[in-house]
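Worksheet: the structure to be examined is printed underneath.
In this note's numbering, the protein residues as written are 474 to 601.
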């Protein structure tokens, strides 16, 4: 069909979220080294326009909600050429130990907790 398969958008969300955390200062690898996992609870994607093969896009990731226990990240997939949004979406996450026990970053890792709070504040200010 000459367009990118819809499942790739979800992969782009994950890559953008991973990159976003690195830019905030602490990545998934560091989180996992501390014994903290962040599984996806849900994914939502609204496909607005098709992305064709060979088109270049970039993904904006932002923290939408964070309370120490759950994290919601929003995304926009944007055409590099036209600057149009092709897809909007979000992922919801929780935090668990390597044994699957739920945890709060407020008590389990103050450095990740503070990082997400700062990211949330920064993203809210940029959207106002």
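We treat Cβ as the ideally placed atom computed from N, Cα and C, and that holds for glycine.
Asked	Found
DSSP state of residue 583 mapped onto helix, strand, coil	helix
Start and end residues, alpha helix (DSSP H) containing residue 497	480–497
C-alpha gap between residue 520 and residue 562, whole angstroms	9 angstroms
Distance, residue 518 Cα to residue 524 Cα	14 angstroms
Same chain only: Cβ atoms within 7 angstroms of residue 584, ignoring 5 sequence neighbours per side	499
Bridge partner(s) assigned by DSSP for residue 525	476
Extent of the continuous alpha helix (DSSP H) to which residue 517 belongs	First-last for residue 517: 513–520, but that is the beta strand (DSSP E), not the alpha helix (DSSP H).
Same chain only: Cβ atoms within 6 angstroms of residue 556, ignoring 5 sequence neighbours per side	none
Residue 507 in three-state terms, based on DSSP	coil
Cα-Cα separation, residue 490 to residue 513	11 angstroms
Outcome for residue 550 when other beta-carbon atoms lying within 10 angstroms are tallied against a minimum of 16	buried
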